[in-house]
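Participant: Sharing a structure, written as structure tokens. Questions coming.
There are 2 protein chains.
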Amino acid sequence: MEPSESPPLDMQSDKNWSVEDHKVLVAVDIALFTIRDSKFQVLLIKRGIPPFLDFWALPGGLVRMDIGLRGEEPEEAALRELREETGLSKGLGYLEQLGTYGSPNRDPREQRVISIAYFGIGPTLEDPIGDSDASHATFMPVDQIAAEISSQLAFDHNEILFDAIERARAKLEYSTLATKFCSPAFTISELRSVYETIWGANLDPGNFQKKVLAADGFLEDTGQKAEASATGGRPAKLYRAGTASSITPPIRRN
Amino acid sequence: MEPSESPPLDMQSDKNWSVEDHKVLVAVDIALFTIRDSKFQVLLIKRGIPPFLDFWALPGGLVRMDIGLRGEEPEEAALRELREETGLSKGLGYLEQLGTYGSPNRDPREQRVISIAYFGIGPTLEDPIGDSDASHATFMPVDQIAAEISSQLAFDHNEILFDAIERARAKLEYSTLATKFCSPAFTISELRSVYETIWGANLDPGNFQKKVLAADGFLEDTGQKAEASATGGRPAKLYRAGTASSITPPIRRN
DNA sequence: TAGTATTCTTGTATTATCAACAATATAATG
DNA sequence: CATTATATTGTTGATAATACAAGAATACTA
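Same order as they appear, the protein sequences are chains A and B.
With my numbering, letter number 29 in the first sequence gets 300, and the count goes up by one each step, no holes.
With my numbering, letter number 79 in the second sequence gets 350, and the count goes up by one each step, no holes.
Shown next as structure tokens:
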């Protein structure tokens, strides 16, 4: 646990190693999802500098040591980078740690960089704006990234994105995560379309309704109704997210 | 994503910050579980050096930059530290990343240290041996750590341990993790006692048997039988772990 | 304004699953 | 050989999931 160094059994004995020589750069990367145009999309930036110039990448950047007395919290860094690189600040509905990616060669530059990846959801996000050196930011459908060679991502971000997508799909089953994709007040149909979009499968409206209403703490009735759509149909009741974070029984995918 | 620094909006302007100044020490810590004496136990070392001298702590240490061309993989570091601090090398049944703990003040020393925590399982481990500076290593029942003030852990290791325990309990439900606590060949009763020990609840033997046998890829029949116990009773069939990593339907806790 | 289409919501019947526990199988012990 | 112990299988009633039908509340159209 923690540094209590015995002399390194080095394979590079051209140097006297001190504790400080083991320091590395720590970055954060954020897979920020939303649903737009009925598609499951992730926020990407187009890199404006090498390496991977002009490649798409997840937004992110270094955890800074010049903020606060002893540097910033990694989660703070994630929020800050999101703001700086894409202009998105409010409207972030959820953020949790996904995992840390620390292979020595994941960044081709001289300095080794490990990345703490975050999984986030932005429900009602304004259009992202690329800053000067991040060049350009946009939401891109995740299916498109998987399908197109031209949208392969920089660094190991394909792997991070893959893990993040799987996290999202899994968490829909046993958590109330889906509500984070919705507006403060939403209909059960909207919630169902979140599941359908992310899982890529159709769910029975009637059964879905009964399931989510049976799950304690998932939904709270606002007493209001959505305005009827132009295409007709009974106006749906409006709900807000309940206080529960996990749902029993889970909503299973096939 | 990754360093592409704009000038830091520092709160400490007594210095010109370069990219390298943001480097921090990266450690790994391992919550290695086993079941001994019918108790759910975790591997701890007693610290032989400050800070937290004489406190119990999870085994771990720095990710080294002097191993390999660009430093070692974090998972390698976890295995190495486990070996160095506790003498445990083979017999490790499972290791996965738990999460990264990166608060600026989690380590009271001058250098900031973030830790990538790992969750591991050792089924048939020899007795651990503390090395010189790690002082002493032992398995300790997790209930005891939660109950006794005297066994509060160093750093934020109580938090890490808590998360690791919850990870174990949750993964028993929907994964084949429980088999990792067992010997290569085991009976369904032994598997059930893994669940009972970690969940702290009794399960119906008959129903449990049917559930695990119904879960595809969970168990494979070896064709052998366990030798009958001295206390009598029908000898149980011996199974080995199947190839599946997740089980459907899950085995639910109440 | 009646009729039709559309969507939300509730109901129903069939089926599958789960939990409790009974029954059977196979061993050790005295 | 009866008793006890453990493993394994079976049974039954309760519960939950599924497919699908029916009802409710709206827009649109003629």
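Here a beta-carbon is modelled for each residue, glycine too, at the ideal position from N, C-alpha and C.
Owing to the predicted nature of the structure, the values given are computational and were not obtained by experimental measurement.
Just to confirm, are B:P345 and B:V334 a CB contact at a threshold of 7 Å?
Facilitator: Along the second sequence, read from residue 1 onward, the residue named residue 345 of chain B stands at position 74. Along the second sequence, read from residue 1 onward, the residue named residue 334 of chain B stands at position 63. Cβ distance < 7 Å, so B:P345 and B:V334 count as in contact.
Participant: Would you check if the segment 508 to 519 of chain A and the segment 336 to 351 of chain B touch, i.e. whether three or more CB-CB distances between them fall below 8 Å?
Facilitator: With the cut-off at 8 Å, the segment 336 to 351 of chain B and the segment 508 to 519 of chain A do not touch.
Participant: How do the segment 290 to 304 of chain A and the segment 352 to 361 of chain A stand: do at least 3 beta-carbon pairs fall below 8 Å, yes or no?
Facilitator: With a cut-off of 8 Å, the segment 352 to 361 of chain A and the segment 290 to 304 of chain A count as touching, because enough Cβ pairs lie within range.
Participant: Check A:W288 in the structure and name its three-state DSSP category.
Facilitator: Taking the first residue of the first sequence as position 1, residue 288 of chain A is located at position 17. Note: A:W288 maps to coil in three-state DSSP.
Participant: Shortest alpha-carbon distance to A:A507 belongs to which of A:G342, A:P455, A:Q495?
Facilitator: Position 236 of the first sequence holds residue 507 of chain A. Closest by alpha carbon: A:Q495.
Participant: Does any C-beta atom of chain B lie closer than 7 Å to the C-beta of A:R383?
Facilitator: Here residue 383 of chain A refers to the residue found at position 112 of the first sequence. Chain B, which has a Cβ nearer than 7 Å to the Cβ of A:R383, makes this yes.
Participant: Measuring only the C-alpha atoms, how far is A:Y445 from A:S289?
Facilitator: Sequence index remark: in the first sequence, residue 445 of chain A carries index 174 (1-based). Sequence index remark: in the first sequence, residue 289 of chain A carries index 18 (1-based). Roughly 47 Å separates the two Cα atoms.
Participant: Strictly below 8 Å CB to CB, what residues from chain B border A:S446?
Facilitator: As a working note, residue 446 of chain A is residue 175 in the first sequence. Under the 8 Å cutoff, chain B gives no residues; its nearest Cβ is about 11 Å from A:S446.
Participant: For A:T458 and A:I469, what's the separation of their Cα atoms in angstroms?
Facilitator: Here residue 458 of chain A is taken as the residue at index 187 of the first sequence, counted from 1. Here residue 469 of chain A is taken as the residue at index 198 of the first sequence, counted from 1. Using only the alpha carbons, I get a separation of about 17 Å.
Participant: Do you know how far the Cα of A:A485 is from the Cα of A:S386?
Facilitator: Working through the first sequence from its first residue, we reach residue 386 of chain A at position 115. Working through the first sequence from its first residue, we reach residue 485 of chain A at position 214. Cα-Cα distance, rounded: 40 Å.
Participant: Quick one: is A:G293 near chain B, going by C-beta distance under 7 Å?
Facilitator: Walking along the first sequence from the start, residue 293 of chain A turns up at place 22. The identity of residue 293 of chain A in the sequence shown is His, whereas the question assumes Gly. At least one chain B Cβ lies under 7 Å of A:H293.
Participant: If you draw a straight line from the C-alpha of A:P521 to the C-alpha of A:A439, how long is it?
Facilitator: As a working note, residue 521 of chain A is residue 250 in the first sequence. As a working note, residue 439 of chain A is residue 168 in the first sequence. Between A:P521 and A:A439, the C-alpha separation is close to 14 Å.
Participant: Run through DSSP, which three-state label would A:R380 get?
Facilitator: By 1-based counting over the first sequence, the position of residue 380 of chain A is 109. Here A:R380 sits in coil by DSSP.
Participant: Please report the straight-line C-alpha distance between A:A501 and B:A417, rounded to a whole angstrom.
Facilitator: Counting from one through the first sequence, the residue named residue 501 of chain A turns up at place 230. Counting from one through the second sequence, the residue named residue 417 of chain B turns up at place 146. For A:A501 and B:A417, the distance between alpha carbons rounds to 59 Å.
Participant: Determine the DSSP secondary structure at B:E444, reduced to helix, strand or coil.
Facilitator: Here residue 444 of chain B refers to the residue found at position 173 when the second sequence is read from its first residue. Here B:E444 sits in helix by DSSP.
Participant: Using CA atoms only, rank isn't needed, just tell me which of B:R341, B:T371, B:R383, B:V465 is closest to B:Q312.
Facilitator: Counting from 1 along the second sequence, the entry for residue 312 of chain B is found at position 41. Residue B:V465 is the option with its Cα nearest to B:Q312.
Participant: Quick one: Cα of B:H428 to Cα of A:K294, how far?
Facilitator: Locating residue 428 of chain B in the second sequence gives position 157, counting from the first residue. Locating residue 294 of chain A in the first sequence gives position 23, counting from the first residue. Cα to Cα, B:H428 sits roughly 21 Å from A:K294.
Participant: For B:F426, collect the residues of the same chain with a Cβ closer than 7 Å to its Cβ; drop the 5 residues on either side in sequence, then sort them by chain order.
Facilitator: Walking along the second sequence from the start, residue 426 of chain B turns up at place 155. Only F323, A328, R377, D378 meet the Cβ criterion.
Participant: So, helix, strand or coil for B:F311, using DSSP?
Facilitator: Taking the second sequence and counting its residues from 1, one reaches residue 311 of chain B at position 40. B:F311: strand per DSSP, three-state reduction.
Participant: On the DSSP bridge list, what partners appear for B:S526?
Facilitator: Nothing in the structure corresponds to residue 526 of chain B, since chain B is present only between 272 and 525.
Participant: Taking C-alpha atoms, which residue in B:A497, B:E498, B:T493, B:G503 lies nearest to B:Y510?
Facilitator: The count along the second sequence starts at 1 and reaches residue 510 of chain B at position 239. The candidate whose alpha carbon is nearest that of B:Y510 is B:T493.
Participant: Can you pull out the residues from the segment 475 to 503 of chain B whose beta carbon lies closer than 8 Å to at least one beta carbon of chain A?
Facilitator: Answer set for the segment 475 to 503 of chain B: empty.
Participant: Cutting at 6 Å between CB atoms, please list the residues of its own chain near A:K310, excluding the five before and the five after it.
Facilitator: Working through the first sequence from its first residue, we reach residue 310 of chain A at position 39. Contacts found: P412.
Participant: What do you reckon, are the CB atoms on B:F479 and B:G513 nearer than 7 Å?
Facilitator: Numbered from 1 along the second sequence, position 208 holds the residue referred to as residue 479 of chain B. Numbered from 1 along the second sequence, position 242 holds the residue referred to as residue 513 of chain B. Not a contact, by the Cβ cut-off of 7 Å.
Participant: Give the DSSP-derived three-state secondary structure of B:I316 in the structure shown.
Facilitator: Working through the second sequence from its first residue, we reach residue 316 of chain B at position 45. In the structure shown, B:I316 sits in a strand (DSSP, three-state: E or B).
Participant: If contacts are defined as beta-carbon pairs under 8 Å, then A:L363 and A:A435 qualify, I think. What distance do you get, rounded to the angstrom?
Facilitator: Counting from one through the first sequence, the residue named residue 363 of chain A turns up at place 92. Counting from one through the first sequence, the residue named residue 435 of chain A turns up at place 164. That belief does not hold up - the Cβ atoms of A:L363 and A:A435 are roughly 15 Å apart, past 8 Å.
Participant: For B:L366, decide whether its Cβ has a neighbour in chain A, counting only Cβ atoms nearer than 7 Å.
Facilitator: As a first step, residue 366 of chain B must be located in the second sequence, where it is residue number 95. Judged by the 7 Å Cβ criterion, B:L366 is not in contact with chain A.
Participant: Using beta-carbon positions only, say whether A:L474 and A:R463 come within less than 7 Å of one another.
Facilitator: Sequence index remark: in the first sequence, residue 474 of chain A carries index 203 (1-based). Sequence index remark: in the first sequence, residue 463 of chain A carries index 192 (1-based). It is a contact, given that the beta carbons lie within the stated cut-off.
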